[in-house]
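Q: Once you've had a glance at the structure underneath, I'll fire off some questions.
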Amino acid sequence: MSIKKEPPKENYTTIVKIPIEKEDFVHAGEASSQIKQRLLKLGYSPQAIRRVAIASFEAELNIVIHSVGGEIEAGIRSQTVQIIARDKGPGIADIPQAMTKGFSTAPPHIQQMGFGAGMGLPNMEHCCDEFTIESQPGKGTIVTMIIREAQDQVSNKA
Ligand SMILES: Nc1ncnc2c1ncn2[C@@H]1O[C@H](COP(=O)(O)OP(=O)(O)O)[C@@H](O)[C@H]1O
Ligand SMILES: [Mg+2]
Numbered sequence: 004m005s006i007k008k009e010p011p012k013e014n015y016t017t018i019v020k021i022p023i024e025k026e027d028f029v030h031a032g033e034a035s036s037q038i039k040q041r042l043l044k045l046g047y048s049p050q051a052i053r054r055v056a057i058a059s060f061e062a063e064l065n066i067v068i069h070s071v072g073g074e075i076e077a078g079i080r081s082q083t084v085q086i087i088a089r090d091k092g093p094g095i096a097d098i099p100q101a102m103t104k105g106f107s108t109a110p111p112h113i114q115q116m117g118f119g120a121g122m123g124l125p126n127m128e129h130c131c132d133e134f135t136i137e138s139q140p141g142k143g144t145i146v147t148m149i150i151r152e153a154q155d156q157v158s159n160k161a
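For the sequence shown, our numbering assigns the number 4 to the initial residue and increments by one for each residue that follows.
Structure representation (structure tokens):
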């Protein structure tokens, strides 16, 4: 018997962990909003919170729009924020294509709601100090994003 596990997380303290339902536009945005509130109370800078908010909102929307459902988890560790977006499928067959600015498979009814510009993944990568996306077609996608508080004083990214 083999048990598959995710690689161990490096001691991040979870501050928010929320299930995200497919096509739940009523609650879409709540995960990123909760993460933002927690980081505000913890004294993170507006610059870091802005980057986290954009990255987590786009990740959340991608689960709502493109997946069968999943979850968003945010953790903190010494002025570093980690956001993990996991879903249960359908996965992404061609990651470089998905990462291309303007590429979107959003169907017309989603585009009519104003989504599907194909800028979510490029923006997520732009906002993060570390960005990894792992996907197995049929199984799901895991996007891991790291945003460092100290970094944005220096580089003023995003
Ligand atoms: N969690 C996901 N599961 C499956 N496919 C995804 C997921 N996230 C993104 N994709 C694919 O990558 C494409 C690009 O994503 P993104 O840059 O966020 O643009 P958009 O969401 O506007 O389509 C999506 O249209 C979709 O085909
Ligand atoms: Mg998107």
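Yeah, the Cβ is synthetic: ideal placement off N, Cα and C, and Gly gets one too.
1. Quick one, are the C-beta atoms of D97 and S70 less than 8 Å apart?
2. Pick from T144, L64, K104: whose alpha carbon is nearest that of A31?
3. With the cut-off set at 8 Å, would you say T147 and G78 are in Cβ contact?
4. Looking at ligand 1, does it come within less than 7 Å of S59, judged from the CB to the closest heavy atom?
5. Check whether the Cβ of G73 sits closer than 7 Å to any heavy atom of ligand 2, and report yes or no.
6. Could you name the residues that DSSP lists as bridge partners for Q3?
7. For K39, does the count of other Cβ atoms within 10 angstroms reach 16, so buried, or fall short, so exposed?
8. In chain order, what residues of the same chain have a beta carbon less than 7 Å from the beta carbon of F118, not counting five sequence neighbours either side?
9. By a C-beta neighbour count over all protein chains shown, 10 Å radius and 16 as the cutoff for buried, is F28 buried or exposed?
10. Classify A96 as helix, strand or coil using the three-state DSSP reduction.
11. Would you say the beta carbon of L64 comes nearer than 7 Å to a heavy atom of ligand 2?
12. Going by C-alpha distance, which of I52, E74, A58 is nearest I21?
13. Which one of I57, E76, E137 has the shortest CA to CA distance from N126?
14. Locate the alpha helix (DSSP H) running through P49, then write down its first and last residues.
15. With a 10 Å radius around its C-beta and 16 neighbouring C-beta atoms as the bar for buried, classify T144 as buried or exposed.
16. Does any heavy atom of ligand 1 sit closer than 7 Å to the C-beta of L124?
A: Reading it off the structure:
1. No Cβ-Cβ contact shorter than 8 Å links D97 with S70.
2. The candidate whose alpha carbon is nearest that of A31 is L64.
3. Going by C-beta atoms, T147 is not nearer than 8 Å to G78.
4. Relative to ligand 1, even the nearest heavy atom lies 7 Å or more away from the CB of S59.
5. G73 Cβ: outside cutoff for every heavy atom of ligand 2.
6. No answer is possible for residue 3: the residues shown for the chain start at 4 and end at 161.
7. Using a 10 angstroms sphere on the CB of K39, the tally of other CB atoms reaches 16 or more, which defines it as buried.
8. Within the same chain, F118 has close Cβ partners L64, I68, A109.
9. F28 is exposed by the Cβ-count criterion.
10. DSSP places A96 in coil when its eight states are reduced to three.
11. Within the cutoff, so yes.
12. Comparing Cα-Cα distances from I21 to each of I52, E74, A58, the minimum goes to E74.
13. With distances taken between CA atoms, N126 lies nearest to I57 out of I57, E76, E137.
14. P49 -> alpha helix (DSSP H) spans 49-69.
15. So T144 counts as buried.
16. Indeed, a heavy atom of ligand 1 lies less than 7 Å from the Cβ.
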